[in-house]
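> Residues in the sequence shown are numbered consecutively from 1, following UniProt numbering.
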Amino acid sequence: MECDLCLQEGEVFRCPYCTKYFCSKHIQPETHNCEGVTLDQ
Ligand SMILES: [Zn+2]
Ligand SMILES: [Zn+2]
């Protein structure tokens, strides 16, 4: 599969907050501007 952010093919992980798929670089909510989590805490 490919990362939903950088579109790079490879191993991806599903974000538990927005349920999209991201590579290891972008799986953290802060790195893909996650819609499913509030970051202003
Ligand atoms: Zn990526
Ligand atoms: Zn997310």
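Yeah, the Cβ is synthetic: ideal placement off N, Cα and C, and Gly gets one too.
Less than 6 angstroms between C-beta atoms, sequence neighbours within five positions excluded: which residues of the same chain meet that for residue 14?
Counting only Cβ-Cβ distances below 6 angstroms, and skipping sequence neighbours, we find 21.
> What does the shell around ligand 2 hold, if a residue joins when its beta-carbon is under 7 angstroms from any heavy atom?
Spelled out in chain order, the answer is 15, 17, 18, 20, 29, 32, 34, 35, 36 and 37.
> In whole angstroms, give me the CA-to-CA distance for residue 23 and residue 32.
Each residue's Cα considered, the two are about 10 angstroms apart.
> Can you grab the Cα-Cα spacing for the pair residue 9 / residue 1, in whole Å?
Cα-Cα distance, rounded: 6 angstroms.
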